Amino acid sequence: MSRLKRIRALQLGGGLELEPPERCSLAEGCRPVPDLEAAKRFLQAYVRNELVIGRFRGYLSTHGLLGHGHLMHHRGETDVIDLMAGELANGHLRIKPTFDPRWNDYDKLIQQEVDGYNKRLKGVAGYTDLDWHLVKAMVWTEVMAGPKDSHWATDPMQIGNPVDPGWKVLRTGAEHSDLITTPELRKALAGKLTGELSIKGGIAWLVTKAMKTKLVTRYEPALRNYSVRDGDTLGAIARREGTTVESLAETNRLDPNAILKKGTQLGYRKGSAAWTIDGWRPWLPDAVKAYNGGGDSQYVAKVQKRLREIEQRDASQ
Amino acid sequence: MRLNKYHPPGALGAIAIFFLWHAATQAQEAPVGSDRARIIAALDRAKLLDSGRVLAHVSHVCNLSIDGKAYPVADVRELIRNASVARGYNRIVVLDDSLHVRQEIQYGEERPLFCDGNRLYVYGELHIHGEDPGGDILVFTDGARHIEFLNADPNTWPTREELEKRGRK
Numbered sequence: 000m001s002r003l004k005r006i007r008a009l010q011l012g013g014g015l016e017l018e019p020p021e022r023c024s025l026a027e028g029c030r031p032v033p034d035l036e037a038a039k040r041f042l043q044a045y046v047r048n049e050l051v052i053g054r055f056r057g058y059l060s061t062h063g064l065l066g067h068g069h070l071m072h073h074r075g076e077t078d079v080i081d082l083m084a085g086e087l088a089n090g091h092l093r094i095k096p097t098f099d100p101r102w103n104d105y106d107k108l109i110q111q112e113v114d115g116y117n118k119r120l121k122g123v124a125g126y127t128d129l130d131w132h133l134v135k136a137m138v139w140t141e142v143m144a145g146p147k148d149s150h151w152a153t154d155p156m157q158i159g160n161p162v163d164p165g166w167k168v169l170r171t172g173a174e175h176s177d178l179i180t181t182p183e184l185r186k187a188l189a190g191k192l193t194g195e196l197s198i199k200g201g202i203a204w205l206v207t208k209a210m211k212t213k214l215v216t217r218y219e220p221a222l223r224n225y226s227v228r229d230g231d232t233l234g235a236i237a238r239r240e241g242t243t244v245e246s247l248a249e250t251n252r253l254d255p256n257a258i259l260k261k262g263t264q265l266g267y268r269k270g271s272a273a274w275t276i277d278g279w280r281p282w283l284p285d286a287v288k289a290y291n292g293g294g295d296s297q298y299v300a301k302v303q304k305r306l307r308e309i310e311q312r313d314a315s316q
Numbered sequence: 000m001r002l003n004k005y006h007p008p009g010a011l012g013a014i015a016i017f018f019l020w021h022a023a024t025q026a027q028e029a030p031v032g033s034d035r036a037r038i039i040a041a042l043d044r045a046k047l048l049d050s051g052r053v054l055a056h057v058s059h060v061c062n063l064s065i066d067g068k069a070y071p072v073a074d075v076r077e078l079i080r081n082a083s084v085a086r087g088y089n090r091i092v093v094l095d096d097s098l099h100v101r102q103e104i105q106y107g108e109e110r111p112l113f114c115d116g117n118r119l120y121v122y123g124e125l126h127i128h129g130e131d132p133g134g135d136i137l138v139f140t141d142g143a144r145h146i147e148f149l150n151a152d153p154n155t156w157p158t159r160e161e162l163e164k165r166g167r168k
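So the sequences go chain by chain: Z and Y.
Position one of the first sequence corresponds to residue 0 (numbering that gives the first Met the number 0), numbered consecutively onward.
Position one of the second sequence corresponds to residue 0 (numbering that gives the first Met the number 0), numbered consecutively onward.
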């Protein structure tokens, strides 16, 4: 096995990539490093340039690897990269972001859930399909350090915290979220929090935040009769008989403020008011912004950055 | 030099009356619940705050005036603890003159700005739980129990001078 192949074989779980030295140029991030100390100095300089190293794992070995780890921006963001390795034998070190495939752990689940909503809500008040990549970008934003963060396995959409109003709303079906969630999901949300449940709850919350609702009164087809009593108003009749002033006025061609004569016969239809979906806010920025609850003014920008990364990665594969 | 030498009889009394009147009107104009600690205590009593969240901001925005009574409006912003990206829980809370909570209205990036009578002006278009209609002016009636929304171009909003003039009446 060649040295290069042996090194590639080490990258199970991602994080390591090595280019043949002859293809390594300064423009691509390659730097000559005559010895290990020089390599360390170079890395430190690279890191100082807006980056700090988190969990840098020593990886020195007879293979000539310098090390790998992941980088974390000062601003709290993490680049989805594991730090490169360098081959010192030929005096070059290459900085090349590589990718941990565990960042894709939830792809299938996200696609399934999003497909479900897209099918169920197709044609409802002008619904436009949710792109599952957007949800993936939100997961990448919510758990900045990715699979290395404990939240990745337990609450990747960061909504499962008991004090998060969204979680409670989804469980109880309040704030019209019952128009989005199923009874099965509401029941499941009362159980133990898992990564899968967090993804399901998070997507439900995002769709809930995209939804516009309106109170709509639906009337029975049957026309009923009412004989006006002394002192009746349309409002009083509507309340008593379970209809609305608008319906009474329209059915009987009356002014809503009309003074009624005792014994007048009125027709009416019983009605019941219910909240229904009336339209949708754009996924970006409105629904994504609402998902965050106004906690991070840069949240949308962060999600958009992640989305671009995901799109570029998909395009390059 | 004696002060009363330069004042006609009764002038000191008039000055004293003026100061008493001024103090009384100032006390009347002092916003109910302007004390941040009192508002926080009121929010705690109503169990609107949770130690699992970080209380990032509380302020007394203004007082609504509904049927001659003052209703303090508070801007309350909390952050969910242990979230790796800050998650917000922002609310406009309307209290009565005994600092009991009358309304709790969640918002995201909108902001409560000022009161004019029973109207609360907000930055952005606010919707309660995504309900239509929403608006940038919330009109409170029935002891702040009922809310209607209006939409108005901010260019038509009352000026500071108009608000001050109305406040003096």
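No residue lacks a Cβ here, since even glycine has one placed at the ideal position from N, Cα and C.
Computed from a predicted structure; not experimentally measured.
With the criterion set as a beta carbon lying under 8 Å from some beta carbon of chain Z, the members of the stretch 73-100 of chain Y are R76, L78, I79, R80, N81, A82, S83, V84, A85, R86, G87, Y88 and N89, in sequence order. In the three-state reduction of the DSSP assignment, Z:L253 falls in the coil class, being assigned neither a helical nor a strand state.
In the DSSP assignment, Y:Y70 falls outside any alpha helix (DSSP H) and within the unbroken beta strand (DSSP E) covering K68 to I79. A Cβ of chain Z is located within less than 7 Å of the beta carbon of Y:R52. Look at the beta carbons and you see the stretch 201-217 of chain Z touching the stretch 268-285 of chain Z: at least three pairs across the two are nearer than 8 Å. Contact note: Y:E103 does not reach chain Z at a C-beta cutoff of 7 Å; the least C-beta distance is about 11 Å. Counting the other CB atoms within 10 Å of its CB gives Z:P182 a total below 16, which places it among the exposed residues. Buried is the label assigned to Y:I91, since at least 16 other Cβ atoms lie within 10 Å of its Cβ.
The beta carbons of Y:S64 and Y:D74 sit no closer together than 7 Å. When only Cα atoms are considered, Z:I309 and Z:G125 end up about 27 Å apart. The beta-carbon separation of Z:K199 and Z:L178, rounded to 16 Å, does not stay under the 8 Å limit for a contact. Z:Q311 and Z:K304 have their C-alpha atoms roughly 11 Å apart. When 8 Å is used as the limit between beta carbons, Y:D49 is near these residues of chain Z: V162, in chain order.
Of the residues Z:E174, Z:V302 and Z:D231, the one whose Cα lies closest to the Cα of Z:E141 is Z:V302. Per DSSP, the unbroken beta strand (DSSP E) holding Y:N62 starts and ends at R52 to I65.
In chain order, P164 and G165 place their CB closer than 8 Å to the CB of Z:G292, counting only its own chain and leaving out the 5 sequence neighbours on each side.
Taking C-beta atoms as the reference points, Z:Y267 and Z:T242 count as a pair closer than 7 Å. Beta-bridge pairing by DSSP links Z:N224 to Z:G266. Per DSSP, Z:V113 is one residue of the alpha helix (DSSP H) stretching across D106 to L120. With respect to the 7 Å criterion, Z:S197 and Z:D231 are not classified as neighbours on the basis of their beta carbons. The Cβ atoms of Y:R118 and Y:I104 lie no closer than 7 Å to each other.
By the Cβ criterion, the stretch 153-166 of chain Y is in contact with the stretch 112-132 of chain Y, since at least three pairs of Cβ atoms, one from each stretch, lie closer than 8 Å. Three or more Cβ pairs drawn from the stretch 41-55 of chain Y and the stretch 81-96 of chain Y lie within less than 8 Å of each other, which places the two stretches in contact.
No Cβ-Cβ contact shorter than 7 Å links Z:L259 with Z:V287. In the structure shown, the three-state DSSP call for Z:T140 is helix.
About 6 Å separates the Cβ atoms of Y:R101 and Y:L94, confirming a contact at the 8 Å cut-off.
The contact set of Z:T140 on chain Y, defined by CB atoms closer than 8 Å, consists of V84 in chain order.
Apart from the 5 residues on each side of it in sequence, Z:V168 sits with its Cβ closer than 6 Å to the Cβ of E174 and S176 in its chain, given in chain order. Using a CB distance cut-off of 7 Å, Z:A289 counts as an interface residue toward chain Y.
At a cut-off of 7 Å, the C-beta of Y:E124 has no neighbouring C-beta in chain Z. Residues of the stretch 127-145 of chain Y with a C-beta atom less than 7 Å from some C-beta of chain Z are H128, G129, E130 and D131, listed in chain order.
Residue contact with chain Z for Y:E147: absent (no Cβ-Cβ distance below 7 Å to any residue of chain Z). Residue-level contact by beta carbon fails for Z:E308 and chain Y, as no gap is shorter than 7 Å. At a cut-off of 7 Å between beta carbons, Z:D285 makes no contact with chain Y.
Under the 7 Å criterion on CB atoms, Z:M210 is classed as interfacial with respect to chain Y.
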